[in-house]
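Residue numbers (this note's numbering), protein chains in the order written: chain A, 1 to 260; chain B, 261 to 520. Below is one structure; the comments refer to it alone.
Protein chains: 2
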Amino acid sequence: MQLSIIKIGGNIIDDEARLLAFLGSFTALPGKKILVHGGGKLATRVAEGLGIRQNLVDGRRITDEETLRVVTMVYAGTINKQIVARLQALGCPAMGLTGADGNAILSHKRVHPSIDYGFVGDVDAVNTSLLTSLLMLEKVLVIAPITHDGKGQLLNTNADTIAQELARGLSAGFDVSLIYSFEKSGVLMDAEDDGSVIRRINAADYADLKARQVIFAGMIPKLDNAFAALRSGVKKVIIGRAEELQFLLTGESGTTIIHE
Amino acid sequence: MQLSIIKIGGNIIDDEARLLAFLGSFTALPGKKILVHGGGKLATRVAEGLGIRQNLVDGRRITDEETLRVVTMVYAGTINKQIVARLQALGCPAMGLTGADGNAILSHKRVHPSIDYGFVGDVDAVNTSLLTSLLMLEKVLVIAPITHDGKGQLLNTNADTIAQELARGLSAGFDVSLIYSFEKSGVLMDAEDDGSVIRRINAADYADLKARQVIFAGMIPKLDNAFAALRSGVKKVIIGRAEELQFLLTGESGTTIIHE
């Protein structure tokens, strides 16, 4: 059975018109689906409004207790529920979840030798049984990037990672397409030319492109992650613009990454 | 099949120690269960922190757009997810929902001849099919007092009303006990004497107590609502202290209200 897992980033969430257009395309997408959303600028605005200082270490936001409170409010409250209500209005049977709900995604507080990231979670387990049951109830799941450690602690968790872990975990029961929406049209041969999208890459192509140093360096971590997902059973990973969602799954837009 | 629907108010939510004790008793409660939580003072504190003025008309808070944003953040984000994570830590398979999630509770924006309550929802329908499916997946539902109108609008909704509507709707498939936690030990013969709890009231007792003007006037709307719920099929309504939860269901504490 087909399952599409789609991650949208803050650039879509922050832009009302783009978000609504995206949610329309998402609703029209056939088959079972999960939407994983990131944060956007609202958390920063709410934190500023409440006088909570953002603590950055090496350019990374540290999730102290106050920041966790804000991201929980904004991601699991405002953003998740607004997306769910809008999808419902479009006729899409959306249901919002964090990783704490039904123990959907269990994580642990990040351990790092030199940086204390605070209340940031690294994923340990995805509750595929729960998620499969909800998908079988014909629900469309909308996942906020908040997980828990099973001991009562909520944890701020990277939405790209959540999408990837869901895709890996659910690959045992579904043919999973993992779609990362992104500010470019796909993987580009030339970073300056949005028309230079590589339509389809497999592992051999990727090795060749890397060897020839044709590929834009900034894409390498994304592609490495994509191939890791494919090695764990995900059928395909697609990178492209959220606005082109309906054409991403058919391969008409974006870059489709397959194992071979 | 037995189902307990328990409403807790802001006085419990605002008090960390009482909340944790309550969640322990709630977890220990046998059978299928739903927790409906109210708001507490956190929404007011966050609104004040963000400089959002509270708009009161005749002592009632008006839910303007900014206030709706705050209650959605606080009720569906902070409070709901903290309760869910804590219940999970206690081994209770909690899952949080608003009325928008899976279209669980559909409402409409309140229409009132003279007061514009703003984004306040009056409940139209409870999605018993969804809620029953989730209960059958052995999930314990934690409901935040936010509903939606099916057209993309979230609405602030009274938690007592939500508990009652859930109880009525689910009575077709379950033997529902509806429990309102409350700051007193139950329905009192003497409002000043917490020891004067009436242990059990049926419709005939109530008519008699009202005729003799024995009952505390402030309890009348609560009791009228309770009897209305019983007339719609709810098996019993129990009013008592959250701290005595385990004894409320057995009838050892609080006031149990039954039809006859």
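From the three backbone atoms N, C-alpha and C, an ideal C-beta is built for every residue, glycine too.
Hey, how far is the Cα of B/V497 from the Cα of B/F442? Counting from 1 along the second sequence, the entry for residue 497 of chain B is found at position 237. Counting from 1 along the second sequence, the entry for residue 442 of chain B is found at position 182. So the alpha carbons of these two residues sit roughly 13 Å apart.
Cβ-based burial, A/Q164 [other Cβ within 10 Å; buried from 16]: Stepping through the first sequence from its first residue, residue 164 of chain A is reached at position 164. A/Q164 should be labelled buried.
Interface flag, B/M333 vs chain A, CB-CB below 8 Å: Start at 1 with the first residue of the second sequence, and residue 333 of chain B comes out as number 73. So, interface residue.
Indicate whether at least one CB of chain B lies closer than 8 Å to the CB of A/Q54. Within the first sequence, residue 54 of chain A is the residue found at index 54, counting from 1. Answer no: the Cβ-Cβ gap between A/Q54 and chain B never drops below 8 Å.
Comparing the C-beta of B/H368 with each C-beta of chain A, is any distance below 8 Å? Here residue 368 of chain B corresponds to residue number 108 of the second sequence, with the count starting at 1. Answer no: the Cβ-Cβ gap between B/H368 and chain A never drops below 8 Å.
Expressed to the nearest angstrom, what Euclidean distance is found between the alpha-carbon atoms of A/A224 and B/I266? The sequence position of residue 224 of chain A within the first sequence is 224, counting from 1. The sequence position of residue 266 of chain B within the second sequence is 6, counting from 1. Here residue 224 of chain A turns out to be Asp, not Ala, going by the sequence shown. If you take the alpha carbons of A/D224 and B/I266, they lie about 49 Å apart.
When the cut-off is 8 Å and only beta carbons count, does B/V386 lie next to chain A? Translated into the one-based positions of the second sequence, residue 386 of chain B becomes position 126. B/V386 does not count as touching chain A.
Give the secondary structure of B/R460 by DSSP, where H, G and I count as helix, E and B as strand, and everything else as coil. The residue labelled residue 460 of chain B in the question sits at position 200 within the second sequence. Assignment of B/R460 by DSSP, reduced to helix, strand and coil, places it in the strand class.
Note the first and the last residue of the continuous beta strand (DSSP E) segment covering B/F442. By 1-based counting over the second sequence, the position of residue 442 of chain B is 182. Here the beta strand (DSSP E) through B/F442 covers 435-442.
Would you say A/M95 faces chain B, with C-beta separation under 8 Å as the test? For the purposes of this step, residue 95 of chain A is taken as the residue at position 95 of the first sequence. True, the Cβ-Cβ gap to chain B drops below 8 Å.
For the ligand SAH, I want to know if B/R346 counts as a neighbour, meaning its beta carbon is within less than 7 Å of at least one of the ligand's heavy atoms. In the structure on display, the ligand SAH does not appear, and there are no ligands present to speak of.
Just list the residues that DSSP pairs B/N363 with in beta bridges. Taking the first residue of the second sequence as 1, we reach residue 363 of chain B at position 103. B/N363 pairs with nothing; no bridge assigned.
Please compile the residues from chain B whose C-beta is within a distance smaller than 7 Å of the C-beta of A/D101. By 1-based counting over the first sequence, the position of residue 101 of chain A is 101. Simply V344, M355, G356.
Between B/L395 and B/L263, is the Cβ-Cβ spacing less than 8 Å? What you label residue 395 of chain B is simply residue 135 of the second sequence in a count that begins at 1. What you label residue 263 of chain B is simply residue 3 of the second sequence in a count that begins at 1. Yes, the pair counts as a contact, with Cβ atoms nearer than the cut-off.
is_contact[A/L170, chain B] using C-beta, thresh 8 Å: For the purposes of this step, residue 170 of chain A is identified with residue 170 of the first sequence, where counting begins at 1. Chain B, which has no Cβ nearer than 8 Å to the Cβ of A/L170, makes this no.
Just checking: is the beta-carbon of B/I439 within a distance shorter than 8 Å of some beta-carbon in chain A? Sequence index remark: in the second sequence, residue 439 of chain B carries index 179 (1-based). No, because no Cβ of chain A sits closer than 8 Å to the Cβ of B/I439.
Report yes if the C-beta distance between B/L350 and B/T287 is below 8 Å; otherwise report no. Taking the first residue of the second sequence as 1, we reach residue 350 of chain B at position 90. Taking the first residue of the second sequence as 1, we reach residue 287 of chain B at position 27. Yes. Within cutoff.
Under three-state DSSP, which class holds B/D420? One-based indexing of the second sequence puts residue 420 of chain B at position 160. In the structure shown, B/D420 sits in a helix (DSSP, three-state: H, G or I).
At 9 Å on the CB atoms, spell out the chain B contacts of A/H148, in chain order. Against the first sequence, residue 148 of chain A aligns to sequence position 148. Those are K341, V344, A345, Q348, A349, listed as they occur along chain B.
Compare the C-beta of B/I279 with all C-beta atoms of chain A and state if any pair is closer than 8 Å. Within the second sequence, the letter at position 19 stands for residue 279 of chain B. The residue you asked about is not Ile; residue 279 of chain B is Leu in the sequence shown. It does not; no Cβ of chain A falls within 8 Å.
Counting contacts by CB-CB distance shorter than 8 Å, is A/Q153 in contact with chain B? Taking the first sequence and counting its residues from 1, the one referred to as residue 153 of chain A is at position 153. Chain B contact via Cβ: present.
Is the beta carbon of B/A489 closer than 8 Å to that of B/L438? Counting from 1 along the second sequence, the entry for residue 438 of chain B is found at position 178. Counting from 1 along the second sequence, the entry for residue 489 of chain B is found at position 229. In this structure, B/A489 lies closer than 8 Å to B/L438 by Cβ.
Interface residues of chain B facing A/K139 [CB-CB closer than 7 Å]: In the first sequence, residue 139 of chain A corresponds to position 139, counting from 1. G362, listed in chain order.
What residues are listed by DSSP as bridge partners for B/I406? To locate residue 406 of chain B, count along the second sequence from 1; it is residue 146. B/N416, per the DSSP bridge assignment.
Return no unless some Cβ of chain A is closer than 8 Å to the Cβ of B/L215. Past the boundaries of the shown model lies residue 215 of chain B; chain B is included only from 261 to 520, so the question cannot be answered.
Own chain residues within Cβ distance below 8 Å of B/T205, not counting five before or after: For chain B, the structure presents residues 261 to 520; residue 205 of chain B sits outside this window and is missing.
Pull up the distance between the alpha-carbon of A/D58 and that of A/M189, whole angstroms please. The residue given as residue 58 of chain A occupies position 58 in the first sequence. The residue given as residue 189 of chain A occupies position 189 in the first sequence. For A/D58 and A/M189, the distance between alpha carbons rounds to 30 Å.
Taking buried to mean at least 16 other C-beta atoms within 10 Å of its own C-beta, is B/S367 buried or exposed? Mapped onto the second sequence, residue 367 of chain B falls at position 107. Flag for B/S367 reads buried.
In angstroms with no decimal places, state the Cα-to-Cα distance between B/R346 and A/Q153. Your numbering for residue 346 of chain B matches position 86 in the second sequence. Your numbering for residue 153 of chain A matches position 153 in the first sequence. In a straight line, the C-alpha of B/R346 is about 8 Å away from that of A/Q153.
Output yes if chain B places a C-beta closer than 8 Å to the C-beta of A/G49; else output no. As a first step, residue 49 of chain A must be located in the first sequence, where it is residue number 49. At least one chain B Cβ lies under 8 Å of A/G49.
Could you work out which residues of chain C lie near A/T67, taking near to mean beta carbons separated by less than 9 Å? The question asks about chain C, but that chain is absent: this structure's protein chains are A and B.
Min CB distance B/T417 to chain A below 8 Å: Your numbering for residue 417 of chain B matches position 157 in the second sequence. Chain A contact via Cβ: absent.
Neighbour-count burial assignment, B/K361, 16 or more Cβ in a 10 Å radius: Within the second sequence, the letter at position 101 stands for residue 361 of chain B. This sequence places Asp at residue 361 of chain B; Lys is not what is there. Buried, by the Cβ-count rule.
Between A/K235 and the rest of its own chain, which residues show a CB-CB distance below 7 Å, the 5 nearest in sequence each way excluded? Residue mapping note: residue 235 of chain A aligns to position 235 of the first sequence, counting from 1. D175, V176, S177.
May I have the straight-line CA-CA distance separating A/L137 from B/L357, to the nearest angstrom? The count along the first sequence starts at 1 and reaches residue 137 of chain A at position 137. The count along the second sequence starts at 1 and reaches residue 357 of chain B at position 97. Their backbone Cα atoms lie some 16 Å apart in a straight line.
Should B/A432 be labelled buried (16 or more other beta-carbon atoms within 10 Å of its own) or exposed? Here residue 432 of chain B corresponds to residue number 172 of the second sequence, with the count starting at 1. Exposed.
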